[in-house]
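Enquirer: Here it is, the structure in full.
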Amino acid sequence: MDKIRIGVIGTGNIAREHLNAYRKNPHVEIYALCDINPDILAKRAEEYGVPAERTFTSCEDMVRLPEIDAVSVCTWNCAHAPCTIAALNAGKHVLCEKPMAMNTQEALAMKEAAERNGKLLMIGFVRRYGNDCDILKDLIENDQFGEIYYAKATYLRRNGNPGGWFGDKARSGGGPLIDLGVHVIDLSRYLLGCPKPVSVYGATFRKLGNRPDVKGGKAYIASRTSDTDVCDVEDLATALIRFDNGAVI
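Residue numbering for the sequence shown follows the numbering used here, beginning at 1 and increasing consecutively.
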């Protein structure tokens, strides 16, 4: 069996999860890397044994390599759509990190590109593959819970801003809703049988801000951890969603 040759766009922290998994897979070769930061790119290339001639600072240049079969997109959220569409148009299958895109229009453009090029596009909703989800899915499919008409889903990672690009709306597209909320919404729909939403009431809040008087970094992280940090995203999101099967979350 020929190895699947993978190109990875974006070589930051989440990319290492992809790269480590690919390295362990005997049927995969990490063939090329791309990042806009040449220093990080060079470091990752050395770490994962990718020759310098197969490293790129432009995703368009990387996806032109005919040897690449598939691409992982591990960039800032703002680059998910353009990088994914470029790879699909170049004839590559794509695994894109969540969230899929910055907005609905970008997501639909990605879907259209996959269909037009006859390639697979998968979004990294990895929570579906957790043991807890497997157990729940099995119980539901074996009718152990009866009709499920209500679900409650929450996700709390930390109190405050995680820092870096996560708090910068221009790069992230939003705060915990687009970063974490996509997981709980996806899991809820998946376990409910993927019903379609018919109505949504939602609200977001940005209230925590920079509070240097609050002590204890593990319990609270201020909105600015350095002079260059930006925090213009929400810190709380809530919603009530009704689906076409009558269920509510």
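Ideal placement from N, C-alpha and C gives every residue a C-beta, glycine not left out.
Since we're looking at a predicted model, the values are computed, not measured.
1) Check whether the Cβ atoms of I30 and V8 lie closer than 8 Å to each other.
2) In chain order, which beta strand (DSSP E) runs of at least 3 residues are fully inside the region 13-49?
3) Measure the Cβ-Cβ separation of T57 and P38 and say whether it is below 8 Å.
4) Using the beta-carbon count (16 or more within 10 Å), is M110 buried or exposed?
5) If we call anything under 8 Å between Cβ atoms a contact, is W165 one with R157?
6) Tell me where the alpha helix (DSSP H) around Y190 begins and ends.
7) With DSSP as the reference, please indicate the residues paired to T238 in a beta bridge.
8) So L108 is in the alpha helix (DSSP H); what residue range does that whole segment cover?
9) Quick check: what's the CA-CA separation for Y48 versus R23?
10) Could you tell me if N77 is buried or exposed, where buried requires 16 or more neighbouring beta carbons within 10 angstroms of its beta carbon?
11) Once DSSP output is grouped into helix, strand and coil, what is the label at C96?
12) Just tell me which of T154, G173, K207 and G91 has its CA closest to the CA of A79.
13) In chain order, what residues of the same chain lie with their CB nearer than 6 Å to the CB of Y150, ignoring the 5 residues before and after it?
14) Please report the straight-line C-alpha distance between P26 and P66, rounded to a whole angstrom.
Expert: In short:
1) Residue 30 sits at position 30 when you count from the first residue of the sequence shown. Residue 8 sits at position 8 when you count from the first residue of the sequence shown. Closer than 8 Å, so yes.
2) 28-34
3) Counting from one through the sequence shown, the residue named residue 57 turns up at place 57. Counting from one through the sequence shown, the residue named residue 38 turns up at place 38. Contact flag set, yes.
4) The count along the sequence shown starts at 1 and reaches residue 110 at position 110. Buried, since its Cβ has 16 or more Cβ neighbours within 10 Å.
5) The residue given as residue 165 occupies position 165 in the sequence shown. The residue given as residue 157 occupies position 157 in the sequence shown. No, these two residues do not count as a Cβ contact at 8 Å.
6) Here residue 190 refers to the residue found at position 190 of the sequence shown. Unbroken alpha helix (DSSP H) run through Y190: V182 to L191.
7) Taking the sequence shown and counting its residues from 1, the one referred to as residue 238 is at position 238. DSSP lists A203 as partners of T238.
8) In the sequence shown, residue 108 corresponds to position 108, counting from 1. It spans T104 to N117 - the alpha helix (DSSP H) in which L108 sits, taken as one unbroken run.
9) Position 48 of the sequence shown, counted from the start, is the residue given in the question as residue 48. Position 23 of the sequence shown, counted from the start, is the residue given in the question as residue 23. Computed Cα separation, rounded: 8 Å.
10) Residue 77 sits at position 77 when you count from the first residue of the sequence shown. Buried is the call here.
11) Counting from one through the sequence shown, the residue named residue 96 turns up at place 96. C96: strand per DSSP, three-state reduction.
12) Here residue 79 corresponds to residue number 79 of the sequence shown, with the count starting at 1. Looking at the Cα atoms, G173 is the closest of the given residues.
13) For the purposes of this step, residue 150 is identified with residue 150 of the sequence shown, where counting begins at 1. Answer for Y150: V248, listed in chain order.
14) In the sequence shown, counting from the first residue as 1, residue 26 sits at position 26. In the sequence shown, counting from the first residue as 1, residue 66 sits at position 66. If you take the alpha carbons of P26 and P66, they lie about 21 Å apart.
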